[in-house]
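Enquirer: The structure that follows is given in the form of structure tokens.
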Amino acid sequence: MKVSIVYHDIIIGMKKVKSGATKRREKAAAREEIANHPKLTHFLKPLVQTRSVSIPTETTNNSDCHYLNTRVESDRLICESTSNAITNRPIFLSDDPSEWPDNVSDAQRCDIVKRVFKKIEIDFPYSLERRRFSLNYYNRKMKNGEIFERTWLIYSLNSNNVFCFCCKLFGITSSPFRQRMNTWEGLSKKLKEHETCSAHFKCFEQWMTLRKGIANQATIDEKQQKLLHKERIFWRAVLERILDITLFLSARNLAFRGSDTAIGSKSNGNFLGVFELLAKYDTVLNELMQRIQDKETKEHYLSNDTQNELIRLLAREIESKILSKVKKAKYYSIILDCTPDVSHKEQMSIILRSVTCTPGVGIDISENFFGYLTVNDTTGKGLFNAFLNQEKNWDLNILDCRGQSYDNGANMKGKVKGVQARFLEMNPKALYVPCANHSLNLVIVHGALSSISAISFFGVLSRLYTLFSSSPPRWEILKSCVAISVKPQSDTR
């Protein structure tokens, strides 16, 4: 008898242990729930670090005050960059309680409590059991007939659930009204049991205390909110200066990186070198430098990936500005040319020309380079289709093109299958003009090859260059005797 009882207890105990399949299903459900959480772009503002910044206010110059006390003009670029670089939990949560995390920070509580949540009054959807939420649940009827509003009860439109506002923000227990409640059967009894429990009373008291403190501006988190605001201004000022460094180096076609990425190294490149130089005179970058050296922050926006991202963002912004100028002028002409690069890939350069007439200023003829397109098909059809796809991405109308100019290659100027012929089929007003530089070069080259004297002259010059350039002592003798220098012969120009 005792053996059977023990065996029965063992069986019962074994049933309480979850199987491996059950554990895997629970882990998969947890991962799915995490994946369904809203992304950073769903919220109003990105996260900023909650650390105070020591920036002197008396010793800053006018330029520093401009960065610290005014709104950054390049907010859109900065927000695009920070949305990819920041992966922590956002400060500003949405108005739907189903999207709030289980662990809400103090800053998030203050932000949510400041808001005014209105009661959702809609035609509530039915559940599978043909039951639904009702407006009557927003009120509690006492035994003496008095009716009190349940200010803590909020409805989620996205998930068709109800939550306890104060327990969601301040609670630590696994109450159904803190997680989610969507079982409408017997909801009145469940609401009464919840609002009379001690855990709900405690959370409700904390909610009222915080709301009163916020109204009187006497909360403990008020100082933290000021630090958050100051930190946000600091990081925006940092990003603005880094954008200026990126623009400075890009406009002068200077290399960004060196052989290492260490702060203080003499071979860390132009980008970090300019950053270190400005940090000596600028309080914002000096503060960032101190944080990096003291290992107080890992987010500094100085990495190679961030540099590439800023270059792409700036290039996209510049391209957008130039395209808007071309669209404003309406009519444009194109210049295309192809050449292989060092990696043996065919690159097609695109240049757009437009004319802008401004009253009081006059006529402005602009020629803008839009970059290279890697093309695999170098036939007239392949090059023409590559340009059409790029033109669609730019949202340009091919019928507004009034001119086209290419070199004298058969795939470009061909009258039947060339790019210019295919262009004229779609837009007869896009007149083709051969490139004058290419045509002049061909005339000179063929003219020189038809003259025996020219061939002999340039042949002697090539041999002289080969003779003297192969030996430094001979090159010094040439420089001492002749005031000019000998150049190698070019095959194309």
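Per full-length UniProt numbering, the very first residue in the sequence shown carries number 1; after that it's consecutive.
Glycine included, C-beta positions come from ideal geometry on N, C-alpha and C.
Below 6 angstroms CB to CB, which residues in the same chain sit around S405 once its five sequence neighbours on both sides are set aside?
Expert: Taking the sequence shown and counting its residues from 1, one reaches residue 405 at position 405. Cβ neighbours of S405 beyond the five flanking positions: I335, V433, C435.
Enquirer: Is it buried or exposed for E33, if we count other Cβ within 10 angstroms and need 16 for buried?
Expert: Counting from 1 along the sequence shown, the entry for residue 33 is found at position 33. With fewer than 16 Cβ atoms within 10 Å of its Cβ, E33 is classed as exposed.
Enquirer: First and last residue of the beta strand (DSSP E) that includes P340?
Expert: Locating residue 340 in the sequence shown gives position 340, where the first residue counts as 1. It spans 332-340 - the beta strand (DSSP E) in which P340 sits, taken as one unbroken run.
Enquirer: One question on the structure: do G403 and A421 come within less than 8 angstroms of each other, judged by their Cβ atoms?
Expert: Walking along the sequence shown from the start, residue 403 turns up at place 403. Walking along the sequence shown from the start, residue 421 turns up at place 421. Against a cut-off of 8 angstroms, the Cβ pair of A421 and G403 comes out as no contact.
Enquirer: Less than 8 angstroms between the beta carbons of Q489 and F458, yes or no?
Expert: Within the sequence shown, residue 489 is the residue found at index 489, counting from 1. Within the sequence shown, residue 458 is the residue found at index 458, counting from 1. Cβ atoms of Q489 and F458: closer than 8 angstroms.
Enquirer: Skipping 5 residues on each side, what residues in its chain have a beta carbon closer than 8 angstroms to that of L285?
Expert: As a working mapping, residue 285 is identified with position 285 in the sequence shown. Cβ within range, chain order: V238, R241, F275, L278, A279.
Enquirer: Apply the 10 Å Cβ neighbour rule to A386 and answer buried if 16 or more other Cβ atoms are within range, or exposed otherwise.
Expert: Here residue 386 refers to the residue found at position 386 when the sequence shown is read from its first residue. The residue in question, A386, is buried, as its Cβ has 16 or more Cβ neighbours within 10 Å.
Enquirer: Flag this pair as touching only if the stretch 344-360 and the stretch 313-331 have three or more C-beta atom pairs under 8 angstroms; answer yes or no.
Expert: With the cut-off at 8 angstroms, the stretch 344-360 and the stretch 313-331 touch.
Enquirer: In the DSSP output, which residue or residues are listed as bridge partners for E346?
Expert: The count along the sequence shown starts at 1 and reaches residue 346 at position 346. E346 is bridged to P340, V375.
Enquirer: Name the residue from S188, V443, Q390, K381 whose alpha carbon lies nearest to the alpha carbon of E425.
Expert: Walking along the sequence shown from the start, residue 425 turns up at place 425. The candidate whose alpha carbon is nearest that of E425 is K381.
Enquirer: What would DSSP say about residue 494, mapped onto helix, strand or coil?
Expert: Missing from the structure shown is residue 494; the chain here goes from 1 to 493 and no further.
Enquirer: Tell me the residue span of the alpha helix (DSSP H) that contains E161.
Expert: As a position in the sequence shown, residue 161 is number 161, starting the count at 1. The question names Glu, but residue 161 is Asn in the sequence shown. It is not in any alpha helix (DSSP H) - N161 instead sits in the beta strand (DSSP E) that spans 161-164.
Enquirer: Check this for me: beta carbons of C110 and Q225, under 8 angstroms apart or not?
Expert: Here the question's residue 110 lines up with position 110 in the sequence shown. Here the question's residue 225 lines up with position 225 in the sequence shown. Yes; because the gap between Cβ atoms is below 8 angstroms, this pair is in contact.
Enquirer: Measuring only the C-alpha atoms, how far is T374 from M348?
Expert: Working through the sequence shown from its first residue, we reach residue 374 at position 374. Working through the sequence shown from its first residue, we reach residue 348 at position 348. Using only the alpha carbons, I get a separation of about 6 angstroms.
Enquirer: How is S490 classed by DSSP in three states: helix, strand or coil?
Expert: In the sequence shown, counting from the first residue as 1, residue 490 sits at position 490. DSSP places S490 in coil when its eight states are reduced to three.
Enquirer: Comparing C-alpha positions only, which one of F384, N268, S134 sits nearest to F423?
Expert: To locate residue 423, count along the sequence shown from 1; it is residue 423. Here the closest residue by C-alpha is F384.
Enquirer: Can you look up T22 in the DSSP assignment and give me helix, strand or coil?
Expert: For the purposes of this step, residue 22 is taken as residue 22 along the sequence shown, with counting starting at 1. In this structure, T22 counts as helix in the three-state DSSP scheme.
Enquirer: So, for L478: in the same chain, excluding its five sequence neighbours on each side, which residues have a beta-carbon less than 6 angstroms away from its beta-carbon?
Expert: For the purposes of this step, residue 478 is identified with residue 478 of the sequence shown, where counting begins at 1. The residues are F468.
Enquirer: Hey, out of G145, I172, R178, whose CA is closest to L153's CA?
Expert: On the sequence shown, position 153 is the one that residue 153 refers to. When each option's Cα is compared against that of L153, the closest is R178.
Enquirer: Can you tell me whether Q290 is buried or exposed, with buried defined as 16 or more other CB within 10 angstroms of its CB?
Expert: Within the sequence shown, numbered from 1, the residue matching residue 290 stands at position 290. Exposed.
Enquirer: For R259, does the three-state DSSP call read helix, strand or coil?
Expert: Locating residue 259 in the sequence shown gives position 259, where the first residue counts as 1. The sequence given here has Ser at residue 259, not Arg. Residue state, collapsed to three classes: coil.
Enquirer: Taking the continuous alpha helix (DSSP H) assigned at L467, which residues delimit it?
Expert: As a first step, residue 467 must be located in the sequence shown, where it is residue number 467. Looking at the DSSP string, the run of the alpha helix (DSSP H) that includes L467 is 452-469.
Enquirer: Mapping the DSSP letters down to three states, classify I122 as helix, strand or coil.
Expert: Looking up residue 122 in the sequence shown gives position 122. Coil.
Enquirer: Let me make sure I understand the geometry here. Which of A251, I245, H344, I292 has the alpha-carbon closest to that of A262?
Expert: Translated into positions along the sequence shown, residue 262 becomes position 262. Closest option to A262, Cα to Cα, is I292.
Enquirer: Going along the chain, which residues of its own chain have a beta-carbon closer than 8 angstroms to the beta-carbon of F117, five neighbours each way excluded?
Expert: Residue mapping note: residue 117 aligns to position 117 of the sequence shown, counting from 1. Closer than 8 angstroms at the Cβ level, and outside the excluded window around F117, lie D95, I154, F165.
Enquirer: Inspect the beta-carbon positions of F271 and R257 and report whether they are closer than 8 angstroms.
Expert: Reading the sequence shown from its first residue, position 271 is the one you call residue 271. Reading the sequence shown from its first residue, position 257 is the one you call residue 257. Yes. Within cutoff.
Enquirer: Excluding five sequence neighbours on each side, which residues of the same chain lie with their C-beta closer than 7 angstroms to the C-beta of D260?
Expert: As a position in the sequence shown, residue 260 is number 260, starting the count at 1. Around D260: S267, N268.
Enquirer: Run through DSSP, which three-state label would E367 get?
Expert: Counting from 1 along the sequence shown, the entry for residue 367 is found at position 367. Three-state result, E367: strand.
Enquirer: Are the Cβ atoms of S98 and S159 separated by less than 8 angstroms?
Expert: Your numbering for residue 98 matches position 98 in the sequence shown. Your numbering for residue 159 matches position 159 in the sequence shown. Yes.
Enquirer: Taking the continuous alpha helix (DSSP H) assigned at I112, which residues delimit it?
Expert: By 1-based counting over the sequence shown, the position of residue 112 is 112. Here the alpha helix (DSSP H) through I112 covers 106-114.
Enquirer: Would you mind working out which of K18, Y137, V113 sits nearest E185, comparing C-alpha positions?
Expert: Here residue 185 refers to the residue found at position 185 when the sequence shown is read from its first residue. The candidate whose alpha carbon is nearest that of E185 is Y137.
Enquirer: State the Cα-Cα distance for the pair K190 and C197, rounded to the nearest angstrom.
Expert: Your numbering for residue 190 matches position 190 in the sequence shown. Your numbering for residue 197 matches position 197 in the sequence shown. Cα to Cα, K190 sits roughly 11 angstroms from C197.
Enquirer: My parser needs the alpha helix (DSSP H) runs of 4 or more residues fully inside the stretch 364-445; what are they?
Expert: If we require 4 residues or more, the alpha helix (DSSP H) runs fully inside the stretch 364-445 come out as 380-394, 410-413, 419-426.
Enquirer: How many Å lie between I311 and L302 at the Cα?
Expert: Your numbering for residue 311 matches position 311 in the sequence shown. Your numbering for residue 302 matches position 302 in the sequence shown. Cα-Cα distance, rounded: 13 angstroms.
Enquirer: Assuming I147 is part of the beta strand (DSSP E), what are its boundary residues?
Expert: Here residue 147 refers to the residue found at position 147 when the sequence shown is read from its first residue. Per DSSP, I147 belongs to the beta strand (DSSP E) from 147-149.
Enquirer: Considering S324, what are the terminal residues of the alpha helix (DSSP H) in which it resides?
Expert: Translated into positions along the sequence shown, residue 324 becomes position 324. Note, S324: alpha helix (DSSP H), 304-329.
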